[in-house]
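Protein chains: 2
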Amino acid sequence: MGDAMMAGLINKCLKNGIRITSQREVIIEVIEESEDHPDVNQLYQRAVEQDRTISIATVYWTVKLLEEMGVIDRLEFGDGRARYEESGEHHEHLVDVETGEVIEFYHAKLEALKQQIAREMGYELVDHRLELFGRKLRP
Amino acid sequence: MGDAMMAGLINKCLKNGIRITSQREVIIEVIEESEDHPDVNQLYQRAVEQDRTISIATVYWTVKLLEEMGVIDRLEFGDGRARYEESGEHHEHLVDVETGEVIEFYHAKLEALKQQIAREMGYELVDHRLELFGRKLRP
DNA sequence: CTAAATGCAAAACCTTTGCCTCAAA
DNA sequence: TTTGAGGCAAAGGTTTTGCATTTAG
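From first to last, the protein sequence lines stand for chains R and A.
All letters in the first sequence, in the order written, are residues 0 to 138 by numbering that gives the first Met the number 0.
All letters in the second sequence, in the order written, are residues 0 to 138 by numbering that gives the first Met the number 0.
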């Protein structure tokens, strides 16, 4: 197979017609490789390791742009900072209140129920935000 | 019936043994009378109408205290500000993305499902946050 | 070449805090 | 009286922005 099937954030960005600068390449790569849900400062720290010249202002500009294009999602876990992740299959977050660990999950029934509730109230669901906060049960 | 049945934020505060100052009385009354989900600045504006001497710092101190006592809830709708409401029967929020209006709802099935999901993942649900964002359907 | 992106520093916000004064209980 | 509360202003942390410079396309 050729390049036609290539996915990845960079390609989504190309499709959106934005300029790919060296800084954006690094920042986008950092986001793609992150398994956690980094805030802007974490993205900046990871990006600056690969390119000393990147400024945090550029990281702010970039995440704003990527979010507007819909290729990343902004998350909020209640501390004052925005966190980001590549947008992909839909999933929710469960935050372990003791460790701060964030566990992703998907639950079809929940998806359906949210849609249904909105419809029952006379609304078309365009977005939602759900976070569960839990404490690990003793087995 | 006598005073024994009195509810209200002030009484909850008295039960918690905090000092009821004139400023707190005003701020608490403002929260009780608010039908919306005001942020700190809105609470301050409404409170200062009744008592010019109230400072915004006192509003911050007070909402922090009330939240710790569990008599009000802190909400976040994605703009950078915390919003508050008197805590009562549990309910969720649906935000009309066109008007900004916030509609409260309660859905037993949803409550049960959240608990169930957490349990399935090996967690005891201690808190959660859910907001739906929707657009009004044409009838 | 030219519009768009970067970097820097300043500013804008929201929230917290130190400290002295004041008042509730 | 004594301890908690209030007010002010400064500081903290995150995010945005104006502007001169650089660069991708």
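Glycine included, each C-beta is placed from N, C-alpha and C at the ideal position.
All figures in this text were calculated on a predicted structure; none of them were measured in a lab.
| Check | Outcome |
| --- | --- |
| For GLY133/R, which residues does DSSP report across the bridge? | ASP95/R and LEU124/A |
| Between ILE71/A and GLU84/A, how many whole angstroms is the CB-CB distance? I'm expecting something under 8 Å. | 7 Å |
| Would you mind telling me which residues of chain A sit closer than 7 Å to GLY69/R, beta carbon to beta carbon, in chain order? | Correct list: empty, because the minimum Cβ distance to chain A is about 15 Å. |
| Going by DSSP, what residue range makes up the alpha helix (DSSP H) through TYR105/R? | Counting along the chain, TYR105/R falls outside any alpha helix (DSSP H), and DSSP gives it neither H nor E. |
| May I ask which residues mark the beginning and end of the alpha helix (DSSP H) holding ILE71/R? | Here ILE71/R belongs to no alpha helix (DSSP H); instead the beta strand (DSSP E) covers 71 to 75. |
| Give every residue of the same chain whose Cβ lies closer than 6 Å to the Cβ of ALA46/A, excluding the five residues on either side of it in the sequence, and list them in chain order. | VAL25, ILE26, VAL29 and ILE53 |
| Taking ARG134/R as the reference, which of LEU74/A, GLY7/A and HIS127/A has the closest Cα? | HIS127/A |
| Hey, quick one: how far does the beta strand (DSSP E) through ARG82/A stretch, first residue to last? | 81 to 85 |
| Between the segment 97 to 112 of chain A and chain R, which residues of the former have CB atoms less than 8 Å from a CB of the latter, in chain order? | ILE102, PHE104, HIS106, LYS108, LEU109 and LEU112 |
| Chain A beta carbons: is any one of them nearer than 8 Å to that of ILE55/R? | no |
| Count the other CB atoms, across all protein chains shown, that sit within 10 Å of the CB of GLU48/R; report buried if there are 16 or more and exposed otherwise. | exposed |
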